[in-house]
Amino acid sequence: MKKRRILVVDDSRACRKLVKGLLASLNANLEEASNGREALDMVLENRFDLIITDVDMPEMDGVELCKNIKSFPPLRYIPIIMVSSFDSDKDVSRGFEAGASEYVSKKTVRENLYERVKSVLKESDFARDKTILVVDDSHSIRLMLREGLSMSGFGVVTAKNGEEALEILRKVKIDLILSDIHMPVMNGITLCRKVHEDPLINTIPFIVMSTDRDRSLMKKLHSLGSDTYIVKPFNMDSLTILIGKLLSDHYLLLLKEKEQLEMERNMMLASISSLILALEAKDNYTKGHSENVSAIASGMVSLTGADKDEIEVVRLGGILHDIGKIGVRDSILLKKGRLSEEEKLEIMKHPRVGFNIIKPIPSLGEVTSLILYHHERFDGKGYPEGLKGSDIPFWARIMAVADTFDALTSNRPYRSGYTEEEAYEIIHESRGTQLCPDAVDLFFQWISDQKTKKRIDKPEEKILK
Ligand SMILES: [Fe+2]
């Protein structure tokens, strides 16, 4: 995890030393300033994750420092903890009014500071990667909410009406919607309905805000899918707490769904792996073929700058690409002589059979096209659909090269395998006819990288030669 940067502000060197000592076990760089003015200069030049400040200091006190930071939008996200020996209710409220996140009395600093710092950092991390969409036709309300929410660390985007909001929702990842009801062009009711009809965005928590007289409308909105409503005018602190709660509940729910999906996927993969093992047990010649294709194809894809999820899709696609052969009769799959036309047609069904085996598993959705199209040819003469050129998904074109190479170099019932050099030549000759030129180039790039790696891993071989 990235090291945090914390600024400790106090005119007493002993107090700064004490605070730094209390926080020594945090993964943080602790820097010092001796008054508010010096701290403000440092904060303007460097990015800090937290400020811990004394209140009573010369030149600029802690309350002034806090007000200055919170009134400057680019700095507003920085949480501030005030540590002071002035701890009457009046002092504490002055601190909170200035925008402090926490107020710790110097009398209890040894017992409380460490835990408060941890909790403030956790809250600010949580808020920092969350974006709230504020939808209201009133400029002053949009401004007030933007300022208030960004002070708690949230990212805020605003829209003047429902139509603008939908436009933003199509382009920006939004974590929560806060919407007015009465707006021109598209009101909050239509917006709420449209959001909840769209499967891509209908899980985003939706808060409705309106005036007291709209209560019956708010109830209607609740039935349309809004999570909760607030009555204007509202208190910014309560709204922030409500948003934090909705977001953390929502986050936990998503996490649970993700875990469940992951569990289901692993269980399905375990049973499919058994099918692959069963297939390889009956067909000795394809033993290890799935792993080889998977390793070559995912290695090739990783050279394209694909992210780890895409590489994983191809890795799984390689493992599963021939799963449909489980449906091919043994007398054909294991036949030593040449196949008849009828038998060839039977074998050619395996991409579609494999596709049908994997299709019902939602978490393997992206893998299905690799299974279905791994025997398509670049010139359109492949099967099962005879797709041509770029109509074949690129990952499937890559899989076809990896599959061809491994098939050529392994022993088959009807012939013994080619050498690697012979296989390279055949692949090169198939460039632009059977195989996609880009995928073939990527294959040779991968082969060359593998050879370089081998030379680096085993330099002694080079010396011996
Ligand atoms: Fe195949």
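If you number the sequence shown the way my numbering does, the last residue is 725 and the count never jumps. Yeah, the Cβ is synthetic: ideal placement off N, Cα and C, and Gly gets one too.
Straight-line Cα distance separating residue 436 from residue 364: 31 Å
Environment of residue 493 [buried if 16+ CB atoms lie within 10 Å]: exposed
CA nearest to the CA of residue 684, picked from 700, 675, 696 and 322: 700
Alpha-carbon to alpha-carbon, residue 524 and residue 423: 38 Å
Simplified DSSP state of residue 560, which is helix, strand or coil: helix
Own chain partners of residue 725 with C-beta closer than 6 Å, once the 5 adjacent residues on each side are dropped: In this prediction, residue 725 scores a pLDDT of 33, lower than 50, which makes its location untrustworthy; no coordinate-derived value is stated.
Continuous alpha helix (DSSP H) assignments of at least 4 residues falling wholly in the stretch 449 to 536: 475 to 484
Enclosing beta strand (DSSP E) for residue 440 [first to last residue]: 436 to 440
Start-to-end residues for the alpha helix (DSSP H) that takes in residue 405: 399 to 411
Own chain residues within Cβ distance below 6 Å of residue 576, not counting five before or after: 627
For residue 309 and residue 264, believed in contact at Cβ under 8 Å, the rounded distance: 4 Å
Distance, residue 293 Cα to residue 301 Cα: 10 Å
Residue 456 versus residue 485 - alpha carbon distance: 6 Å
Three CB pairs or more closer than 8 Å across the stretch 344 to 355 and the stretch 312 to 326: yes
Three-state secondary structure (DSSP) of residue 550: helix
Helix, strand or coil at residue 313 [DSSP, three-state]: strand
Contained alpha helix (DSSP H) runs [length at least 4] in the stretch 272 to 326, N- to C-terminal order: 273 to 282 and 296 to 305
Length of the line joining the Cα atoms of residue 694 and residue 641: 8 Å
Closest by C-alpha distance to residue 411, when choosing among 528, 384, 268 and 489: 384
Supposed contact pair residue 591 and residue 574 - C-beta distance, whole angstroms, cut 8 Å: Residue 574 to residue 591, Cβ: 33 Å. No contact.
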